[in-house]
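Below: one structure, written as structure tokens.
There are 2 protein chains.
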Amino acid sequence: MYKKKKQLLEAKGWKVGTVDEFLGLNDEEIAYIELKLALSKKIRELRLEKNLTQVETAKLLGSSQSRVAKMESGDPSVSIDLQIRSLLALGASMEELAQVISP
Amino acid sequence: MYKKKKQLLEAKGWKVGTVDEFLGLNDEEIAYIELKLALSKKIRELRLEKNLTQVETAKLLGSSQSRVAKMESGDPSVSIDLQIRSLLALGASMEELAQVISP
DNA sequence: TGACGGTATGTCGTAACTGACATATTATTA
DNA sequence: TAATAATATGTCAGTTACGACATACCGTCA
Chain A
151 MYKKKKQLLE
161 AKGWKVGTVD
171 EFLGLNDEEI
181 AYIELKLALS
191 KKIRELRLEK
201 NLTQVETAKL
211 LGSSQSRVAK
221 MESGDPSVSI
231 DLQIRSLLAL
241 GASMEELAQV
251 ISP
Chain B
151 MYKKKKQLLE
161 AKGWKVGTVD
171 EFLGLNDEEI
181 AYIELKLALS
191 KKIRELRLEK
201 NLTQVETAKL
211 LGSSQSRVAK
221 MESGDPSVSI
231 DLQIRSLLAL
241 GASMEELAQV
251 ISP
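Protein sequence lines, in the order shown, are assigned to chains A and B. Heads up, the first sequence stops at 253 in the numbering used here, and the numbers go up one at a time, no gaps. Heads up, the second sequence stops at 253 in the numbering used here, and the numbers go up one at a time, no gaps.
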């Protein structure tokens, strides 16, 4: 199974076992999850750019290390809302944000 | 008071009275609210493009008319997450989404 | 090997969001 | 004017997302 599909499923909170578990994910859901994963990567990217640990970043955001880890993995318990607020707090511009969504 | 500022404050859930209420909104918060308002407008735009009422749209989204109205007004009780999911459900592409964020 | 810094994973109580409903407001048309 | 359709506003109970904490995992360096 391709890595991207696996990530999609895992981000949805599913365990990957059989192939046809892909059924049940419609276009909107796939777009949503891909968006979340793209934001994940950008958060980690900005954090590393600034040479911050997850603990330091959590403090900066008023959050916790575990939640930062979840943000960066596209965990189902993390909303896109929080990801965007975090990116803005990390200094991302609107242009950068837009580029994450549509590179 | 300019309309945009008024919208910003109202979206934040504040009543507009005096000028210095603007204090307390930092850059990130302003960016967040502007983003929410931009998404609001796009939701209405797509809905009207499809000649849907809020009631019809609510049914399409599995939501309610009142929440659609709030989505379209950038109400503080509506998350960016819900706005994005709604836009995707209304058929918005990633490119459109990106353009909303950075026109 | 062990210790340590960084990250990942799981759980929990609380706060924020959500759909639903009631009701108010606005616009249009007879 | 009244009636009707569309939208806006307010509230609330159920759900979800949140920060916090504990603990597990992983790499690196002594």
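C-beta: ideal position from N, C-alpha, C; glycine also. Computed from a predicted structure; not experimentally measured.
Cα-Cα, which of the options is closest to residue i?
| i | options | result |
| --- | --- | --- |
| B/L211 | A/R217, A/D225, A/E178, A/L238 | A/E178 |
| B/M221 | B/N201, B/L175, B/R194, B/L240 | B/R194 |
| A/I93 | A/S227, A/S214, A/Q249, A/G241 | It is not possible to answer for residue 93 of chain A, since the shown part of chain A is limited to 151 through 253. |
| A/A239 | A/I251, A/K200, A/G224, A/D225 | A/K200 |
| A/A181 | B/S243, B/K192, B/S252, B/I251 | B/S243 |
| A/S229 | A/T203, A/L187, A/Q215 | A/L187 |
| A/S223 | A/L175, A/I251, A/S236, A/K191 | A/K191 |
| A/N176 | B/G241, B/S214, B/V205, B/N176 | B/G241 |
With 8 Å as the threshold, decide whether the Cβ of residue i is near any Cβ in chain B.
| i | result |
| --- | --- |
| A/D231 | yes |
| A/E245 | yes |
| A/L238 | yes |
| A/E222 | no |
| A/E178 | yes |
Go through its chain and collect everything with a Cβ distance to residue i's Cβ below 8 Å, but skip five positions before and after it.
| i | result |
| --- | --- |
| A/I234 | L189, L247 |
Please go through the same chain and pick out, in chain order, the residues whose beta-carbon is closer than 6 Å to the beta-carbon of residue i, but skip the five residues on each side of it.
| i | result |
| --- | --- |
| B/R197 | T207 |
Under the three-state reduction of DSSP, which class applies to residue i: helix, strand or coil?
| i | result |
| --- | --- |
| A/L240 | coil |
| A/D177 | helix |
| A/T207 | helix |
| B/S223 | helix |
So is residue i in contact with chain A if we call contact Cβ pairs under 8 Å?
| i | result |
| --- | --- |
| B/S252 | yes |
| B/L187 | no |
For residue i, collect the residues of the same chain with a Cβ closer than 7 Å to its Cβ; drop the 5 residues on either side in sequence, then sort them by chain order.
| i | result |
| --- | --- |
| A/S236 | I193, L211, M221 |
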